[in-house]
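**Q** Got a structure for you, written out below as structure tokens; questions coming shortly.
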Amino acid sequence: MAAEIKQRTDMLIALLRGDQKNDTQKELSIIKREVIDKPVIYIGAGTCGLGAGAGETIIAVKDYLTAKKIDATIMEVGCIGLCKAEPIVDVQLPGKNRVSFRNVTSDKVEDVLNAAFTDDAKSQRTIGQIAIANNTAWSGIEDFYKHPFFISQKRIVLKNCGLIDPESIEEYIAFGGYRNLLTTISSCNGAEVCDIMEKSGLRGRGGGGFATGKKWKIAQSQNSEQKYLICNADEGDPGAFMDRAVIEGDPHRLIEGMAIGAYAIGASIGYVYIRAEYPLAIKRLKIAIAKAKEYGLLGKNIFGTGFDFELKIKMGAGAFVCGEETALINSIEGKRGMPRPRPPFPPVSGLFGKPTVINNVETFANVPEIMGKGWEWFSSIGTATSKGTKVFALSGKIFNTGLVEIPMGTTIRHILFDIAGGIANGKKFKAVQIGGPSGGCITEQNLDIQIDYESLLKVGAMMGSGGLVVMDEDNCMVDVAKFFMDFIQRESCGKCIPCREGTRRMLEILESITTKPVHNGENSALERMKGVMQLEKLGQVIKDTSLCGLGQSAPNPVLSTLKWFRHEYEEHIFERSCSTRICTELRKYKIHADACTGCGLCAKKCPVSAIIGSKKAPHFIVDEKCIGCGSCIETCNFKAVEMI
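Just remember that the numbering used here sits 1200 ahead of the position in the sequence shown, which is counted from 1.
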């Protein structure tokens, strides 16, 4: 067994060095599964797939194969991006293309596999077929990548996700992995790599959009015996799951990108800072790091070039503020995650006081492709100021939820209505929150704006890490603002007063206008309106005086919704109502006297005794007491209660 492993290791290293011998290429075809001698069943087993029931699907597939006495390989892969279709099951028969099926829960396994194994894979669950070199196409089945969700995408970061075994370094190498690392450390010096990154126009994909090459050059120019490289995989934004999916589906891409970055700046130690709530990503990353060490791609004197690089995993406790780079550094050092004053900036003095570069997962995942295809190729994609592609996580009231990777310059309308299939359940689009709690809303009138860093800032939003949370006509924008402000307030590290106290006061104002007024004096509406006016002042003070970027962007969701949906704030204040009926305490209920039998069940269930009436006589709701919980409408057996 050891001899077999060594033989394969030697073959793959020869492949990395450019060996084109026939036996090497034959083995390569086997690893890439271009040639198979028995069926292969691929199951999307990322976190989204497992959440949709992929674990039960795997058991059902094993039971099916045992019952039918079929010898087949089961391959657990990451998420390919179309989360709406999970669990996704692909079947590849010897000599045939790989065909993909959607929503294959455990009870659907038998029908799907029966169809595939009888050469009749065309069904309502078929997504499409994935072409494999020198294999026969399925008749009557569309190309997988011509599906509306994929046809407009340009997959660089996500190119392997959902297709390869994330726990196999051999497969990653077979598909071209680590070749760019070896070429880089063998033929370029660090300054040249930094120059290539700067010319490519790659900007940080974690939120701020700082030029990657410029950051690397600052660290590379520092005279220090020790430098560090950190990957920020904390990903704390609600609705963001891009980094998790990349690590779960293609962890070696991150390792290769980090190794190239470390070589560029002269770092010998790297950290992946990842939240502990990502157990599957952590597991696969640990396996990948161990395999990379085994193959000599991490460690001392990599491929005899004199380049040393050790990679460590640091698990975070899930604090949103640790997405800010200096707070993240404090956390790695064993301190409380709180931002530091800047300057000095991390590329000059970062982890343990040494020059440190911090980028996120998506940024590093672009690096191998840039080094392999050249800065000119990457720079040709996107807009004048925003190059390459961007991965977005689509969630909320959208038909196709999942991950998309689109060229910079694509319009938001195209993403939502062409790629993602429009708003779910035939509802009307209202807004999309982009950039998480630090971002802002994009409304109908701005849907044709191009995705790039500068364009989004002009309409009060920001790229952020790439979460797109879509809202329809049933969403209350005041409630949305309150949700994000509650999140930000709870996640504030508390170090600086503007963020700690300012966000608390903003939340109190939002709570006051989404709950039933305690005092209904003649000036109560005016007092609440003055509170809303104070929101704008508070927001500007917080933006101007907070210590870190998270605090400076904290008011954005409130200021954005105030700008575009001020009428909803006014409705809550003056009419004391919420037209979407999301704000429960502003709901109003009425009991129809002609339908009420006076049974008294609603009065017994009311938690605040807001319903009065005699037995067998119509009952009534006291509006001043009602908290809008809806227990009356749920309890009534005669449909006598109506929400008005």
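Glycine is no exception: its CB is placed at the ideal position from the N, C-alpha and C atoms.
Values in this document were obtained by computation on a predicted structure and should not be read as measured data.
Flag this pair as yes or no: are the beta carbons of Gly-1640 and Glu-1448 separated by less than 8 Å?
**A** Walking along the sequence shown from the start, residue 1640 turns up at place 440. Walking along the sequence shown from the start, residue 1448 turns up at place 248. No, the Cβ-Cβ distance between Gly-1640 and Glu-1448 is not below 8 Å.
**Q** State the DSSP-derived secondary structure class of Glu-1448, mapped to helix, strand or coil.
**A** Your numbering for residue 1448 matches position 248 in the sequence shown. Correct three-state label for Glu-1448: helix.
**Q** Which term fits Lys-1427, buried or exposed, when burial requires 16 or more other beta carbons within 10 angstroms of its beta carbon?
**A** Taking the sequence shown and counting its residues from 1, one reaches residue 1427 at position 227. Classification for Lys-1427: buried.
**Q** Quick check on the DSSP output: the alpha helix (DSSP H) that includes Cys-1778 runs from which residue to which?
**A** If you number the sequence shown from 1, residue 1778 lands on position 578. Here Cys-1778 belongs to no alpha helix (DSSP H), and DSSP marks it neither H nor E.
**Q** Leaving aside the five residues before and after Gly-1609 along the sequence, list all residues of the same chain whose C-beta is less than 8 Å from its C-beta, in chain order.
**A** Against the sequence shown, residue 1609 aligns to sequence position 409. These residues qualify, in order along the chain: Gly-1582, Thr-1583, Ser-1586, Gln-1650, Ile-1651, Asp-1652.
**Q** Closer than 6 Å by C-beta to Thr-1526: which residues in its own chain qualify, once you throw out the five before and the five after it? Chain order, please.
**A** In the sequence shown, counting from the first residue as 1, residue 1526 sits at position 326. Closer than 6 Å at the Cβ level, and outside the excluded window around Thr-1526, lie Pro-1539, Arg-1540.
**Q** Reducing DSSP to helix, strand and coil, say where Glu-1276 ends up.
**A** As a position in the sequence shown, residue 1276 is number 76, starting the count at 1. Correct three-state label for Glu-1276: strand.
**Q** Got a sec, what are the start and stop residues for the alpha helix (DSSP H) Val-1548 sits in?
**A** Your numbering for residue 1548 matches position 348 in the sequence shown. Looking at the DSSP string, Val-1548 is not in any alpha helix (DSSP H), and its letter there is neither H nor E.
**Q** Under 8 Å: do the stretch 1451-1469 and the stretch 1373-1385 share three or more Cβ pairs, one atom per stretch?
**A** Yes, since at least three Cβ pairs between the stretch 1451-1469 and the stretch 1373-1385 fall closer than 8 Å, the two stretches touch.
**Q** By Cβ distance below 6 Å, which residues in the same chain neighbour Met-1201 in space, the five residues on each side in sequence not counted?
**A** Taking the sequence shown and counting its residues from 1, the one referred to as residue 1201 is at position 1. Bear in mind that the predicted position of Met-1201 carries a pLDDT of just 40, short of 50, making it unreliable; the figure below should be weighed with that in mind. Within the same chain, Met-1201 has no close Cβ partners at all.
**Q** Can Gly-1702 and Val-1741 be called in contact, C-beta distance under 8 Å?
**A** Here residue 1702 is taken as the residue at index 502 of the sequence shown, counted from 1. Here residue 1741 is taken as the residue at index 541 of the sequence shown, counted from 1. Going by C-beta atoms, Gly-1702 is nearer than 8 Å to Val-1741.
**Q** Decide if Gln-1225 is buried, meaning its Cβ has at least 16 other Cβ atoms within 10 Å, or exposed.
**A** Position 25 of the sequence shown, counted from the first residue, corresponds to residue 1225. Exposed is the call here.
**Q** Would Asn-1254 and Ile-1243 be called neighbours here (beta carbons separated by less than 8 Å)?
**A** Here the question's residue 1254 lines up with position 54 in the sequence shown. Here the question's residue 1243 lines up with position 43 in the sequence shown. Note on residue identity: the sequence assigns Ala, not Asn, to residue 1254. It is a contact, given that the beta carbons lie within the stated cut-off.
**Q** Leaving out five residues on either side along the sequence, give the residues of the same chain with a beta carbon under 8 Å from the beta carbon of Lys-1554.
**A** As a working mapping, residue 1554 is identified with position 354 in the sequence shown. Around Lys-1554: Ser-1424, Gln-1426, Lys-1427, Tyr-1428.
**Q** What is the DSSP secondary structure of Cys-1248, counted as helix, strand or coil?
**A** Position 48 of the sequence shown, counting from 1, holds the residue named residue 1248. Cys-1248: helix per DSSP, three-state reduction.
**Q** Classify Ile-1236 as helix, strand or coil using the three-state DSSP reduction.
**A** As a position in the sequence shown, residue 1236 is number 36, starting the count at 1. In the structure shown, Ile-1236 sits in coil (DSSP, three-state: anything other than H, G, I, E or B).
**Q** Cβ of Pro-1366 within 8 Å of Cβ of Arg-1484?
**A** Counting from 1 along the sequence shown, the entry for residue 1366 is found at position 166. Counting from 1 along the sequence shown, the entry for residue 1484 is found at position 284. Yes, these two residues count as a Cβ contact at 8 Å.
**Q** In chain order, what residues of the same chain have a beta carbon less than 6 Å from the beta carbon of Asp-1508, not counting five sequence neighbours either side?
**A** Locating residue 1508 in the sequence shown gives position 308, where the first residue counts as 1. Correct list, in chain order: Ser-1468, Lys-1500.
**Q** When the Cα atoms are used, what is the spatial distance from Pro-1818 to Gly-1800?
**A** One-based indexing of the sequence shown puts residue 1818 at position 618. One-based indexing of the sequence shown puts residue 1800 at position 600. So the alpha carbons of these two residues sit roughly 9 Å apart.
**Q** Helix, strand or coil for Arg-1475? Go by DSSP, reduced to three states.
**A** Indexing the sequence shown from 1 puts residue 1475 at position 275. In this structure, Arg-1475 counts as strand in the three-state DSSP scheme.
**Q** Terminal residues of the continuous beta strand (DSSP E) containing Val-1808?
**A** If you number the sequence shown from 1, residue 1808 lands on position 608. It is not in any beta strand (DSSP E) - Val-1808 carries neither H nor E in the DSSP assignment.
**Q** Going by DSSP, what residue range makes up the beta strand (DSSP E) through Phe-1301?
**A** Position 101 of the sequence shown, counted from the first residue, corresponds to residue 1301. It spans 1298-1301 - the beta strand (DSSP E) in which Phe-1301 sits, taken as one unbroken run.
**Q** May I have the straight-line CA-CA distance separating Phe-1578 from Arg-1705, to the nearest angstrom?
**A** For the purposes of this step, residue 1578 is identified with residue 378 of the sequence shown, where counting begins at 1. For the purposes of this step, residue 1705 is identified with residue 505 of the sequence shown, where counting begins at 1. Each residue's Cα considered, the two are about 45 Å apart.
**Q** Under 8 Å between the Cβ atoms of Cys-1832 and Val-1841?
**A** Working through the sequence shown from its first residue, we reach residue 1832 at position 632. Working through the sequence shown from its first residue, we reach residue 1841 at position 641. Result yes, Cβ atoms of Cys-1832 and Val-1841 sit closer than 8 Å.
**Q** Pairing CB atoms from the stretch 1356-1366 with CB atoms from the stretch 1270-1290, are three or more of them under 8 Å?
**A** As far as the Cβ criterion goes, the stretch 1356-1366 touches the stretch 1270-1290, which means the pair count is three or higher.
**Q** Check whether the Cβ atoms of Gly-1413 and Cys-1394 sit closer than 8 Å, and answer yes or no.
**A** As a working mapping, residue 1413 is identified with position 213 in the sequence shown. As a working mapping, residue 1394 is identified with position 194 in the sequence shown. The answer is yes: Cβ separation under 8 Å.
**Q** Would you mind listing the beta strand (DSSP E) stretches within the stretch 1599-1663 that are 3+ residues and don't spill past its ends, in chain order?
**A** Entirely contained in the stretch 1599-1663, the beta strand (DSSP E) runs reaching 3 residues are, in chain order, 1602-1607, 1629-1634, 1640-1643.
**Q** Does Lys-1590 come out as helix, strand or coil in the three-state DSSP assignment?
**A** The residue you call residue 1590 lines up with position 390 of the sequence shown. Three-state result, Lys-1590: strand.
**Q** Provide the residue span of the alpha helix (DSSP H) that contains Asn-1314, from first to last.
**A** Taking the sequence shown and counting its residues from 1, one reaches residue 1314 at position 114. Run containing Asn-1314: 1309-1317, per the alpha helix (DSSP H) assignment.
**Q** Return helix, strand or coil for Lys-1490, following the three-state DSSP convention.
**A** Residue 1490 sits at position 290 when you count from the first residue of the sequence shown. Checking the sequence, you will find Ala at residue 1490 rather than Lys. Helix.
**Q** Counting C-beta neighbours from all protein chains within 10 Å, is the total for Glu-1834 16 or more, i.e. buried, or is it exposed?
**A** On the sequence shown, residue 1834 is found 634 positions in, with the first residue counted as 1. It counts as exposed.
**Q** What number of angstroms, rounded off, separates the C-alpha of Leu-1747 from the C-alpha of Gly-1408?
**A** In the sequence shown, counting from the first residue as 1, residue 1747 sits at position 547. In the sequence shown, counting from the first residue as 1, residue 1408 sits at position 208. Taking the straight line from one Cα to the other gives about 15 Å.
**Q** Considering only C-alpha positions, which residue in the set Lys-1512, Ile-1418, Asp-1443, Trp-1764 is nearest to Ala-1481?
**A** The residue given as residue 1481 occupies position 281 in the sequence shown. The shortest Cα separation from Ala-1481 among Lys-1512, Ile-1418, Asp-1443, Trp-1764 belongs to Asp-1443.
**Q** Rounded to the nearest angstrom, what separates Glu-1824 and Leu-1786 at their Cα positions?
**A** Reading the sequence shown from its first residue, position 624 is the one you call residue 1824. Reading the sequence shown from its first residue, position 586 is the one you call residue 1786. Between Glu-1824 and Leu-1786, the C-alpha separation is close to 11 Å.
**Q** Would you identify the three-state DSSP class for Arg-1484, choosing helix, strand or coil?
**A** The residue given as residue 1484 occupies position 284 in the sequence shown. Helix.
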